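Visitor:
Numbering (UniProt numbering), first residue to last: 1 to 154.
1) Nearest to residue 108 by alpha carbon, out of 28, 11, 77 and 90?
2) Kindly indicate the opening and closing residues of the beta strand (DSSP E) around residue 108.
3) Along the beta strand (DSSP E) that carries residue 85, what are the first and last residues, could you check?
4) From residue 88 to residue 141, what distance separates their C-alpha atoms?
5) So for residue 19, helix, strand or coil by DSSP?
6) List the DSSP bridge partners of residue 32.
7) Identify, in the order they occur along the chain, each residue of the same chain with its Cβ nearer than 7 Å to the Cβ of residue 69, setting aside the five sequence neighbours on each side.
8) Which first and last residues belong to the alpha helix (DSSP H) in which residue 64 is found?
9) Judging by CA-CA distance, which residue of 34, 139, 15 and 17 is the nearest neighbour of residue 24?
10) For residue 123 and residue 136, which I take to be in contact (beta-carbon distance under 8 Å), what is that distance rounded to the nearest angstrom?
11) Does residue 112 come out as helix, strand or coil in the three-state DSSP assignment?
12) With a 10 Å radius around its C-beta and 16 neighbouring C-beta atoms as the bar for buried, classify residue 147 as buried or exposed.
13) When DSSP builds the beta bridges, which residues end up paired with residue 11?
14) With residue 50 as the anchor, note down where its beta strand (DSSP E) starts and where it stops.
15) Going by other Cβ atoms of all chains shown within 10 Å of its Cβ, with 16 needed for buried, is residue 7 buried or exposed?
16) Could you give the residue range of the alpha helix (DSSP H) that holds residue 144?
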């Protein structure tokens with residue numbers, strides 16, 4: 001991965017991946033015009049990390065913006081770092097996680113995700129004291145590991 005023109009530098013993780021230290025959070029960007037404006041400005045400013053989530057409902061717009069603006073700055077997919085998140089949804093934690101990751105891949109049209117996170121440490125409707133919470137986290141994490149090992153092919 002090559003981060004050309006990056007501001008803020010990068011940090012090397014234990015698995016030798018590098019992650020940019022400054023990025024654009026995309027939570028409040030819901031329409032294509034706003035996403036385009038934000039991605040264009042971020043890339044022009046040297047941002048190379050983009051944080052989104054399945055829950056934000058803007059991954060399709062981000063994918064369109066990346067296709068539009070990466071070439072403008074002589075960049076390609078390998079020059080940016082994409083973080084997205086999936087929610088724990090029970091029952092069928094693994095199946096729902098696979099669907100969310102695949103949905104992110106389909107919407108972003110980026111080929112792969114650099115970092116996949118659990119958005120919230122439990123199912124939204126579950127009590128904090130539910131003994132299944134830690135089990136659900138372990139199960140969704142295993143799906144993420146499966147995803148990483150398969151090189152993003154579910």
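Where a beta carbon is used, it is the ideal one built from N, C-alpha and C, also for glycine.
Just so it is clear, the structure is predicted and the values come from calculations on it, not from any experiment.
Guide: Taking the structure as given:
1) 77
2) Looking at the DSSP string, residue 108 is not in any beta strand (DSSP E); the run it does join, the alpha helix (DSSP H), is 93-108.
3) 81-86
4) 10 Å
5) strand
6) According to DSSP, which records beta bridges pairwise, residue 32 is partnered with nothing at all.
7) 39, 40 and 43
8) 59-69
9) 34
10) 6 Å
11) coil
12) buried
13) 19
14) 49-51
15) exposed
16) 132-149
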